[in-house]
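Asker: Attaching a single structure in structure tokens format; questions to follow.
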């Protein structure tokens, strides 16, 4: 059905007049004319005149939807208005920051410091690493005591009182690194012939090195060092040391056994070697003084006992 132009135009005053929609399709191929609609006039002035959006009629609201501002819940400061994706990104950022904080930067100074804490040595044609930090308190166990005789005949001092306590949980680890330190230091100190002065006094049993440790030291010493060792002096030998050496005598060479000497006092040691550069720990000096006092008292008592033979006196002195 065709709609005339006059019927298709709506005037602003007659909003109820609308064209009646077609109830069937036009199969004849004719195109209906386009309808032009005119929008009604709208007053958008901001004054409070009639029809304005700021007029009282437009601002009035029903009583039932009146809102009391005081009764409104305000968001707490801790409330988050971020969406889930933002929270996940923040969590990933915090995790990456924690990871970067847990792995501090390895500076060049720290690398140099770590290199100083480890020493690489070659023992028995094998490269070994020594943990210098763990053996730092025990490095005084071995020291250079100068020279004796003609040439570069070194005096190596081994103070057992500086050994670690066997009650340490990492005792074996400390002793292994200390063993490497002693052997490598010995090779640096010795140029020609040498002697070892083993200071056994003032050393409790819990600090005494085990038989296996001493045997390992002897076996790991270079052949040149074993050959150039001229004397092994044990100062203040205890009954325990004498027993160990007596038990191990069949397992060590006769040449090494012949180099072992016992010295009971520091005075006797001074008669054998120059003591100018030999460092004696204060605890051993005190131990020697106490031992000498006891020895003099024992000698005085024996001299007043006519019933004891000279052989018994000598045996008693040896055991003491």
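Numbering (our numbering), first residue to last: 231 to 550.
We put the beta carbon where it would ideally sit given N, CA and C, even for glycine.
Alpha carbon to alpha carbon, what distance is there between residue 456 and residue 363?
Answerer: As a working note, residue 363 is residue 133 in the chain shown. As a working note, residue 456 is residue 226 in the chain shown. If you take the alpha carbons of residue 363 and residue 456, they lie about 29 Å apart.
Asker: Please determine if the segment 416-436 and the segment 474-481 are in contact, where contact requires at least 3 C-beta pairs separated by less than 8 Å.
Answerer: Contact fails: fewer than three Cβ-Cβ distances are below 8 Å.
Asker: Evaluate residue 347 with the Cβ neighbour count: other Cβ atoms within 10 Å of its Cβ, from every protein chain shown; 16 or more gives buried, anything less gives exposed.
Answerer: Within the chain shown, numbered from 1, the residue matching residue 347 stands at position 117. Exposed, since its Cβ has fewer than 16 Cβ neighbours within 10 Å.
Asker: Quick one: give me the first and last residue of the alpha helix (DSSP H) that residue 404 is part of.
Answerer: Along the chain shown, read from residue 1 onward, the residue named residue 404 stands at position 174. Its alpha helix (DSSP H) spans residues 401-419.
Asker: Only counting the same chain, and skipping five residues up and downstream in sequence, which positions put a Cβ closer than 6 Å to that of residue 358?
Answerer: Against the chain shown, residue 358 aligns to sequence position 128. For residue 358, where only same-chain residues beyond five positions count, the Cβ hits under 6 Å are 351 and 410.
Asker: Could you check if residue 381 is buried or exposed, using at least 16 other CB atoms within 10 Å of its CB as the buried criterion?
Answerer: Residue 381 sits at position 151 when you count from the first residue of the chain shown. Exposed, because fewer than 16 other Cβ atoms sit within 10 Å of the Cβ of residue 381.
Asker: Would you give the residue range spanned by the beta strand (DSSP E) that residue 350 belongs to?
Answerer: Translated into positions along the chain shown, residue 350 becomes position 120. Note, residue 350: beta strand (DSSP E), 348-353.
Asker: Considering Cα atoms alone, identify which of 406, 413 and 431 is closest to residue 510.
Answerer: As a first step, residue 510 is located in the chain shown; it is residue number 280 there, counting from the start. The residue with the shortest Cα to Cα distance from residue 510 is 431.
Asker: Buried or exposed for residue 523, please, with buried defined as at least 16 other CB atoms from any protein chain shown within 10 angstroms of its CB.
Answerer: Within the chain shown, numbered from 1, the residue matching residue 523 stands at position 293. By the 10 Å Cβ count, residue 523 comes out exposed.
Asker: Could you pull the start and end residues of the beta strand (DSSP E) that residue 493 belongs to?
Answerer: In the chain shown, the residue the question calls residue 493 occupies position 263. Residues 490-493.
Asker: Does DSSP put residue 448 in a helix, a strand or coil?
Answerer: Against the chain shown, residue 448 aligns to sequence position 218. In the structure shown, residue 448 sits in a helix (DSSP, three-state: H, G or I).
Asker: According to DSSP, is residue 373 part of a helix, a strand, or is it coil?
Answerer: Mapped onto the chain shown, residue 373 falls at position 143. It is a strand residue.
Asker: Judging by CA-CA distance, which residue of 520, 392 and 449 is the nearest neighbour of residue 371?
Answerer: Within the chain shown, the letter at position 141 stands for residue 371. Of 520, 392 and 449, the residue nearest in Cα terms is 392.
Asker: In this structure, how does DSSP classify residue 520 when only helix, strand and coil are distinguished?
Answerer: Along the chain shown, read from residue 1 onward, the residue named residue 520 stands at position 290. If DSSP states are grouped into helix, strand and coil, residue 520 belongs with the helices.
Asker: Excluding the 5 residues preceding and the 5 following residue 308 in the sequence, name in chain order all residues of the same chain whose CB lies nearer than 8 Å to its CB.
Answerer: By one-based count along the chain shown, residue 308 stands at place 78. For residue 308, the pLDDT reaches just 48, beneath the cut-off of 50, and the residue's location in the model is therefore unreliable, although a value from the coordinates is still provided. Here the set comprises nothing.
Asker: Could you spell out the range, first to last residue, of the beta strand (DSSP E) harbouring residue 460?
Answerer: In the chain shown, the residue the question calls residue 460 occupies position 230. Residue 460 -> beta strand (DSSP E) spans 459-465.
Asker: Skipping 5 residues on each side, what residues in its chain have a beta carbon closer than 6 Å to that of residue 487?
Answerer: Within the chain shown, numbered from 1, the residue matching residue 487 stands at position 257. Same-chain partners within the cutoff: 479.
Asker: Cα-Cα, which of 395, 440, 394 and 459 is closest to residue 423?
Answerer: Position 193 of the chain shown, counted from the start, is the residue given in the question as residue 423. Measuring from the Cα of residue 423, the nearest candidate turns out to be 459.
Asker: Give the single residue among 525, 378 and 406 whose Cα lies nearest to the Cα of residue 450.
Answerer: Start at 1 with the first residue of the chain shown, and residue 450 comes out as number 220. Selected option, being the one with the closest Cα: 406.
Asker: Taking the alpha-carbon positions, what's the residue 495 to residue 467 distance?
Answerer: Here residue 495 refers to the residue found at position 265 when the chain shown is read from its first residue. Here residue 467 refers to the residue found at position 237 when the chain shown is read from its first residue. When rounded, the distance between both Cα atoms is 10 Å.
Asker: Specify, as a first and last residue, the run of the alpha helix (DSSP H) that residue 475 falls within.
Answerer: Translated into positions along the chain shown, residue 475 becomes position 245. Its alpha helix (DSSP H) spans residues 469-478.
Asker: Any idea what DSSP makes of residue 515, helix, strand or coil?
Answerer: As a working mapping, residue 515 is identified with position 285 in the chain shown. Reduced to three states, the DSSP call for residue 515 is helix.
Asker: DSSP on residue 428, reduced to helix/strand/coil?
Answerer: What you label residue 428 is simply residue 198 of the chain shown in a count that begins at 1. Strand.
Asker: According to DSSP, residue 361 sits in a beta bridge with which residue or residues?
Answerer: Along the chain shown, read from residue 1 onward, the residue named residue 361 stands at position 131. DSSP, once it has assigned bridges, lists 348 as partnering residue 361.
Asker: Quick check on the burial criterion: 16 or more other C-beta atoms within 10 angstroms. Buried or exposed for residue 527?
Answerer: Residue numbering aside, residue 527 sits at position 297 when the chain shown is read from its first letter. Residue 527 is exposed by the Cβ-count criterion.
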